[in-house]
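One structure is given here, and the rest of the page talks about it.
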Amino acid sequence: MVYPLFLDDEHEMLRDQIRRFVAEKVHPAADQWEKDGCVPREILREMGELGFLGIRYPEEYGGSAMDTRATVVLAEELGRSTYAGFAITALVHTDMASVHLFNAGSPEQRAAHMADVVAGRKIVAVAVTEPDAGSDVKGIRTTARREGGDFVLNGSKMFITNGVHADLYCVAVKTETGGPASRSVSMILVEKDTPGLSVARVLDKTGWRSSDTAELSFQDCRVPAENLLGAEGQGFYAIMRNFQNERIVLAAMTMGEAQAALDLTLDYVKTRAAFGAPLWSKQAIRQRLAMLSARVAAARAFVYATAARDAAGEEVVKEVSMLKALCGELVNEVMYDCVQFHGGTGYMRGTTIERMARDARVQSIGGGATEVMLEEVAKRL
Amino acid sequence: MKVLVPVKRVIDYNVKVRVKADGSGVDLANVKMSMNPFDEIAVEEAIRLKEEGVASEVVAVSIGVKQAQETLRTALAMGADRAILIVAADDVHTDIEPLAVAKLLAAVVKEEEPGLVLAGKQAIDNDMNATGQMLSALLGWSQATFASEVTIEGDHALVTREVDGGLQTIKAKMPCIVTVDLRLNEPRYASLPNIMKAKKKPLDEKTPDDYGVDVSPRLSIVKTAEPPTRKAGVKVGSVDELITKLKDEAGVI
Numbered sequence: 000m001v002y003p004l005f006l007d008d009e010h011e012m013l014r015d016q017i018r019r020f021v022a023e024k025v026h027p028a029a030d031q032w033e034k035d036g037c038v039p040r041e042i043l044r045e046m047g048e049l050g051f052l053g054i055r056y057p058e059e060y061g062g063s064a065m066d067t068r069a070t071v072v073l074a075e076e077l078g079r080s081t082y083a084g085f086a087i088t089a090l091v092h093t094d095m096a097s098v099h100l101f102n103a104g105s106p107e108q109r110a111a112h113m114a115d116v117v118a119g120r121k122i123v124a125v126a127v128t129e130p131d132a133g134s135d136v137k138g139i140r141t142t143a144r145r146e147g148g149d150f151v152l153n154g155s156k157m158f159i160t161n162g163v164h165a166d167l168y169c170v171a172v173k174t175e176t177g178g179p180a181s182r183s184v185s186m187i188l189v190e191k192d193t194p195g196l197s198v199a200r201v202l203d204k205t206g207w208r209s210s211d212t213a214e215l216s217f218q219d220c221r222v223p224a225e226n227l228l229g230a231e232g233q234g235f236y237a238i239m240r241n242f243q244n245e246r247i248v249l250a251a252m253t254m255g256e257a258q259a260a261l262d263l264t265l266d267y268v269k270t271r272a273a274f275g276a277p278l279w280s281k282q283a284i285r286q287r288l289a290m291l292s293a294r295v296a297a298a299r300a301f302v303y304a305t306a307a308r309d310a311a312g313e314e315v316v317k318e319v320s321m322l323k324a325l326c327g328e329l330v331n332e333v334m335y336d337c338v339q340f341h342g343g344t345g346y347m348r349g350t351t352i353e354r355m356a357r358d359a360r361v362q363s364i365g366g367g368a369t370e371v372m373l374e375e376v377a378k379r380l
Numbered sequence: 000m001k002v003l004v005p006v007k008r009v010i011d012y013n014v015k016v017r018v019k020a021d022g023s024g025v026d027l028a029n030v031k032m033s034m035n036p037f038d039e040i041a042v043e044e045a046i047r048l049k050e051e052g053v054a055s056e057v058v059a060v061s062i063g064v065k066q067a068q069e070t071l072r073t074a075l076a077m078g079a080d081r082a083i084l085i086v087a088a089d090d091v092h093t094d095i096e097p098l099a100v101a102k103l104l105a106a107v108v109k110e111e112e113p114g115l116v117l118a119g120k121q122a123i124d125n126d127m128n129a130t131g132q133m134l135s136a137l138l139g140w141s142q143a144t145f146a147s148e149v150t151i152e153g154d155h156a157l158v159t160r161e162v163d164g165g166l167q168t169i170k171a172k173m174p175c176i177v178t179v180d181l182r183l184n185e186p187r188y189a190s191l192p193n194i195m196k197a198k199k200k201p202l203d204e205k206t207p208d209d210y211g212v213d214v215s216p217r218l219s220i221v222k223t224a225e226p227p228t229r230k231a232g233v234k235v236g237s238v239d240e241l242i243t244k245l246k247d248e249a250g251v252i
C-alpha cells in the first residue's frame with residue numbers, strides 16, 4: 000500500500016530495493032542464521048553498500064541525509080521479512096546504537112567511525128540496561144571512574160542486542176559528577192577487544208534467534224577520556240532523546256511483522272480446507288482477519304503520520320509513546336490469531352508463523368514496556 | 000554512442016492480479032506498480048555498455064501516465080543519465096497500444112539519434128511482444144529480438160537469441176533495435192545514495208502532441224476474465240493407490 004500523503008517517490012523506491020534484498024538475500028539464508036544465533040557480517044556489509052545503514056546520516060559518511068519517513072520504511076520492510084531477529088540486528092545498529100555516536104559524538108569521533116558504521120564495516124551496540132535497571136535509566140550501577148587521562152569502567156550490562164559481535168559499544172555509565180542521578184549518567188564509547196570488556200554470557204532467547212544478545216561484563220575496563228560521548232552527565236538526556244527514535248522504529252517494525260503475518264495467514268486460510276470448504280468460508284475467521292487488517296492499517300497510518308510530523312520537527316513524544324504501546328500489543332494480538340488460524344501447523348517448529356509469534360512477544364517488552372509507555376502517554380493527557 | 004531504453008510502468012509481478020467487475024480489464028487502482036522486469040534488464044545492459052566504454056549516454060524513455068516518472072527515476076537510480084516522459088494518458092487503466100508507442104519512440108529516435116535501442120522483449124502486463132519489432136519497421140532499422148547476449152563490434156551488434164530448442168547468434172547492422180530476454184543479465188540494485196542522486200538528473204516531460212502522434216486506440220478489448228480456479232487435489236496413501244487412480248480415474252496410464 001502506498002502512502003502518498005506522507006511519502007515521496009524515493010521512499011517507495013527504497014522500499015522496492017529493500018523488498019528485493021529481503022527476497023533474494025534474506026529469505027533463502029535466514030533459517031541458518033536462526034540456528035547460528037547471529038546475522039553474517041557479509042549481509043550487513045551488503046546492506047551498507049546499498050545505503051540501507053546510512054539513511055539519515057550525512058553524505059560525507061556515505062549516508063543519504065533522509066528523514067524519519069525513510070527510516071520507518073526500512074523498519075517496516077525489515078519487519079516484513081518475517082525474520083525479526085535479522086531485522087533487529089540491523090535496526091539496533093542503524094537507529095538505536097549508532098545514533099549515540101552520531102548525535103553526541105565529536106567531529107573526531109564521527110570521523111573515526113561513522114563511515115565504517117554506514118558501510119556496515121563496524122557494527123554498533125548500545126548498552127544501557129542492567130540486571131537491575133531497564134527503562135529506569137537513572138538506576139544504573141555501572142561506573143566510570145576517572146584515572147589520569149582515562150575512564151575505568153566497572154559493572155555489567157544485560158540483554159544487549161548485537162552484544163556478542165559488535166565492534167563498538169555505546170555504554171551508559173555513572174560518573175562522579177556529584178549531581179542528582181539524572182545528571183550523573185554519561186555515555187562512553189568502548190571498542191571491541193578493550194581489556195576488561197567481556198561477554199559474560201551469550202543469552203538464549205525465546206525469539207529473535209538470529210540476533211546475538213549478551214550479558215556484558217566490565218572489569219577495570221580502561222578507555223581514554225576522549226571516548227566520552229557528549230558532555231559528562233548528559234547521558235540520561237541523550238538516552239531519552241534517542242529512545243524516541245528507537246520506539247518509532249520498533250512500532251514500524253512491528254507493523255511490518257503484523258502485515259506479513261496477516262498476508263501469510265490469509266493465504267493459508269484460503270487454501271486450507273476444513274469440513275469440506277476453505278477456512279476462509281467461515282465467517283468467524285474472515286471477520287477476525289478483516290478487523291485485524293483494519294487495526295494494522297490504522298496503526299501503520301499512525302506510524303507514518305507520526306514519522307512525517309517528526310521529520311517536520313514537531314514534538315511527538317506522546318504519539319511515539321502511544322505507538323510503542325499500541326503496536327507492541329497489536330502485533331501480539333495479530334500473532335495469536337494467526338497462530339490460531341494455522342491450527343496445529345502454527346505450533347510446529349519450522350513454520351514461519353510459529354517463529355513470528357515467538358519473535359513478536361518481546362515487542363511489548365523491549366525498548367520500553369507497554370506499561371512504561373502508557374505512563375508516558377498518561378502524563379501527557 | 001547513445002543508447003535509448005524504453006521502459007514501461009506495469010503492475011508489479013508480485014501482485015495477485017484481479018479482473019475488474021465489468022470485465023473491461025485488470026484493476027489497477029491502488030495496486031503496486033513497477034518497471035517491467037524485461038525493461039529493467041535492458042536498462043542494466045545499457046548501463047553495462049556505458050561502463051565498458053561502448054556507450055556514451057543512456058537515455059530512458061517512458062510513455063504512459065504521469066506516475067511513470069517513478070519508473071524513470073528507478074532507471075536513473077540504476078545509472079541512466081537522463082529521462083524523457085511522454086504523458087499519453089491520465090487514467091492508469093489506459094494502456095497505450097504498441098503501434099502508438101512505436102510511433103512515439105520512432106519520433107524520439109529521430110530527435111535523439113541513438114546508435115542502439117535496447118528494449119524489453121515484452122511487457123508483463125499484456126504480453127504483446129510487438130513494440131520493438133514495430134519500431135524497427137517504422138525506422139527501417141535492423142532488429143534482434145530475445146537477446147541473451149549482446150556484443151557491439153564496430154558497426155555491428157552480435158546478438159545471441161533464445162529460440163525454440165537452442166541459441167542462435169546473429170549479426171545486426173547498427174543502428175539497430177535489440178529486445179532483451181530474461182537471461183541477458185541480472186539487474187543491479189539501485190543503492191539509496193543513487194536513488195537520491197537520481198532526483199537531480201534531468202527528466203523531460205512531453206506529450207504525444209509534441210511529436211504529432213495520435214495515440215487513440217485501434218484495438219478494443221472484448222472481455223477480460225480470470226483463469227479458471229484450480230480444483231482441489233487429493234492425497235494418496237501409497238504408490239499402489241496412485242497407480243490405480245492414474246489408471247482407473249485419470250485414465251492416463
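Chains as they are written, first to last, in numbering that gives the first Met the number 0: chain A, 0 to 380; chain W, 0 to 252. No residue lacks a Cβ here, since even glycine has one placed at the ideal position from N, Cα and C. From a predicted model like this one, the values you see are computed outputs, not experimental measurements.
Check this for me: beta carbons of A:MET254 and A:VAL319, under 8 Å apart or not? For this step, residue 254 of chain A is matched to residue 255 along the first sequence. For this step, residue 319 of chain A is matched to residue 320 along the first sequence. Not in contact: A:MET254 and A:VAL319 (Cβ atoms no closer than 8 Å).
Residue ranges of each beta strand (DSSP E) within the segment 273–306 of chain A, 3 or longer: none
Reducing DSSP to helix, strand and coil, say where A:MET0 ends up. Looking up residue 0 of chain A in the first sequence gives position 1. In this prediction, A:MET0 scores a pLDDT of 48, lower than 50, which makes its location untrustworthy; the coordinate-derived value is nonetheless stated afterwards. Residue state, collapsed to three classes: coil.
Nonlocal neighbours in the same chain, by C-beta distance under 7 Å from A:ARG271, ignoring five residues either side: In the first sequence, counting from the first residue as 1, residue 271 of chain A sits at position 272. So the qualifying residues of the chain are PRO277, LEU278.
Is the segment 342–361 of chain A close to the segment 16–31 of chain W, with three or more CB pairs under 8 Å? no
Per DSSP, what kind of secondary structure is A:TYR168 in: helix, strand or coil? Sequence index remark: in the first sequence, residue 168 of chain A carries index 169 (1-based). Strand at A:TYR168.
If the criterion is Cβ atoms closer than 8 Å, does the pair A:GLY327 and A:GLU245 meet it? Here residue 327 of chain A refers to the residue found at position 328 when the first sequence is read from its first residue. Here residue 245 of chain A refers to the residue found at position 246 when the first sequence is read from its first residue. It is not a contact, given that the beta carbons lie outside the stated cut-off.
Under 8 Å, Cβ to Cβ, is there at least one residue of chain A near W:ALA82? Here residue 82 of chain W corresponds to residue number 83 of the second sequence, with the count starting at 1. No, its Cβ sits nowhere closer than 8 Å to a Cβ of chain A.
CB contact below 8 Å: A:ARG19 versus chain W: Sequence index remark: in the first sequence, residue 19 of chain A carries index 20 (1-based). Closer than 8 Å: yes.
Per-residue contacts from A:MET12 into chain W (C-beta, under 9 Å): Here residue 12 of chain A is taken as the residue at index 13 of the first sequence, counted from 1. Going along chain W in sequence order, the residues near A:MET12 (Cβ under 9 Å) are GLU69, ARG72, THR73, ALA76, ALA189, LEU191, ILE194, ALA197.
Supposed contact pair W:VAL179 and W:GLU96 - C-beta distance, whole angstroms, cut 8 Å: Working through the second sequence from its first residue, we reach residue 96 of chain W at position 97. Working through the second sequence from its first residue, we reach residue 179 of chain W at position 180. So it is not a contact: roughly 21 Å between Cβ atoms.
Give the range of the alpha helix (DSSP H) segment to which W:LYS102 is assigned. If you number the second sequence from 1, residue 102 of chain W lands on position 103. It spans 97–111 - the alpha helix (DSSP H) in which W:LYS102 sits, taken as one unbroken run.
Using 8 Å as the limit for Cβ to Cβ distance, is A:ILE54 near chain W? On the first sequence, residue 54 of chain A is found 55 positions in, with the first residue counted as 1. With 8 Å as the cut-off, A:ILE54 counts as an interface residue toward chain W.
Just the Cα atoms here: how many angstroms apart are A:ASP166 and A:SER97? For the purposes of this step, residue 166 of chain A is identified with residue 167 of the first sequence, where counting begins at 1. For the purposes of this step, residue 97 of chain A is identified with residue 98 of the first sequence, where counting begins at 1. Their Cα atoms are separated by approximately 11 Å.
Does any residue of chain W have a CB that is nearer than 8 Å to the CB of A:ASP15? Residue numbering aside, residue 15 of chain A sits at position 16 when the first sequence is read from its first letter. Taking Cβ atoms only, chain W reaches closer than 8 Å to A:ASP15, which makes this a yes.
C-beta neighbour in chain W for A:GLY255, strict 8 Å: Start at 1 with the first residue of the first sequence, and residue 255 of chain A comes out as number 256. Closer than 8 Å: no.
Ignoring anything shorter than 3 residues or poking outside the segment 133–221 of chain A, list the beta strand (DSSP E) runs there in chain order. 142–146, 149–160, 167–174, 184–190, 196–201
A:GLU9: contacting residues in chain W (beta-carbon distance under 7 Å): On the first sequence, position 10 is the one that residue 9 of chain A refers to. Correct list: ILE194, MET195, LYS198.
Run down chain W in chain order and give the residues with a C-beta less than 9 Å from the C-beta of A:GLU76. By 1-based counting over the first sequence, the position of residue 76 of chain A is 77. Here the premise fails: no neighbours, minimum Cβ distance about 12 Å.
Indicate whether the contact test is met: 3 or more Cβ pairs, each with one atom in the segment 193–207 of chain A and one in the segment 216–223 of chain A, closer than 8 Å. yes
Which of helix, strand or coil DSSP assigns to W:PHE145: For the purposes of this step, residue 145 of chain W is taken as the residue at position 146 of the second sequence. Strand at W:PHE145.
Chain A residues whose Cβ lies nearer than 8 Å to that of W:GLU61: As a first step, residue 61 of chain W must be located in the second sequence, where it is residue number 62. Reading off the sequence, residue 61 of chain W comes out as Ser, not Glu. Those do not exist, as W:SER61 stays about 13 Å from chain A at its closest Cβ, beyond 8 Å.
Using CA coordinates, which residue listed in W:GLY153, W:GLU185, W:MET195, W:VAL107 is at the minimum distance from W:ASP38? What you label residue 38 of chain W is simply residue 39 of the second sequence in a count that begins at 1. For the residues W:GLY153, W:GLU185, W:MET195, W:VAL107, the minimum Cα distance to W:ASP38 belongs to W:GLU185.
Residue span of the alpha helix (DSSP H) that contains A:GLU374, given as start and end: If you number the first sequence from 1, residue 374 of chain A lands on position 375. Note, A:GLU374: alpha helix (DSSP H), 369–378.
Is the beta carbon of A:THR141 closer than 8 Å to that of A:VAL117? Counting from one through the first sequence, the residue named residue 117 of chain A turns up at place 118. Counting from one through the first sequence, the residue named residue 141 of chain A turns up at place 142. Result no, Cβ atoms of A:VAL117 and A:THR141 do not sit closer than 8 Å.
In three-state terms, what does DSSP make of A:ALA110? Position 111 of the first sequence, counted from the start, is the residue given in the question as residue 110 of chain A. Of the three classes helix, strand and coil, the one that applies to A:ALA110 here is helix, per DSSP.
Determine the closest residue to W:MET34 out of W:LYS19, W:ASP124, W:VAL25, W:SER55, with distance taken between C-alpha atoms. Position 35 of the second sequence, counted from the first residue, corresponds to residue 34 of chain W. When only C-alpha atoms are compared, the closest one is W:ASP124.
Suppose the cutoff is 6 Å on Cβ atoms and the five residues either side in sequence are ignored; what does the same chain contact list for W:VAL91 look like? For the purposes of this step, residue 91 of chain W is identified with residue 92 of the second sequence, where counting begins at 1. Cβ within range, chain order: LEU27, VAL64.
Tell me, please, whether the segment 259–267 of chain A touches the segment 283–293 of chain A by the rule of three or more beta-carbon pairs shorter than 8 Å. yes
If contacts are defined as beta-carbon pairs under 8 Å, then W:VAL4 and W:LEU117 qualify, I think. What distance do you get, rounded to the angstrom? Stepping through the second sequence from its first residue, residue 4 of chain W is reached at position 5. Stepping through the second sequence from its first residue, residue 117 of chain W is reached at position 118. Contact flag correct, Cβ pair sits at about 5 Å.
Are at least three pairs of beta-carbons, each pair with one atom in the segment 302–312 of chain A and one in the segment 231–242 of chain A, less than 8 Å apart? no
CB-CB length for A:TYR56 against A:PHE101, believed under 8 Å: Translated into the one-based positions of the first sequence, residue 56 of chain A becomes position 57. Translated into the one-based positions of the first sequence, residue 101 of chain A becomes position 102. About 6 Å separates the two Cβ atoms, so the contact holds.
Residues near A:MET0 in its chain [Cβ-Cβ closer than 6 Å; skip 5 each side]: Mapped onto the first sequence, residue 0 of chain A falls at position 1. Any answer about A:MET0 is weak, because its pLDDT of 48 lies below 50 and its placement is not dependable; what the coordinates show is given next. Taken in chain order, the list of residues that qualify is empty.
Since W:ALA59 contacts W:ALA76 with CB under 8 Å, what's their CB separation in whole angstroms? Locating residue 59 of chain W in the second sequence gives position 60, counting from the first residue. Locating residue 76 of chain W in the second sequence gives position 77, counting from the first residue. About 11 Å separates the two Cβ atoms, so there is no contact after all.
Can you list, in chain order, the residues of the segment 219–248 of chain W whose Cβ is nearer than 7 Å to any Cβ on chain A? ALA231
Does A:ALA124 have its Cβ less than 8 Å from a Cβ in chain W? Counting from 1 along the first sequence, the entry for residue 124 of chain A is found at position 125. So, not an interface residue.
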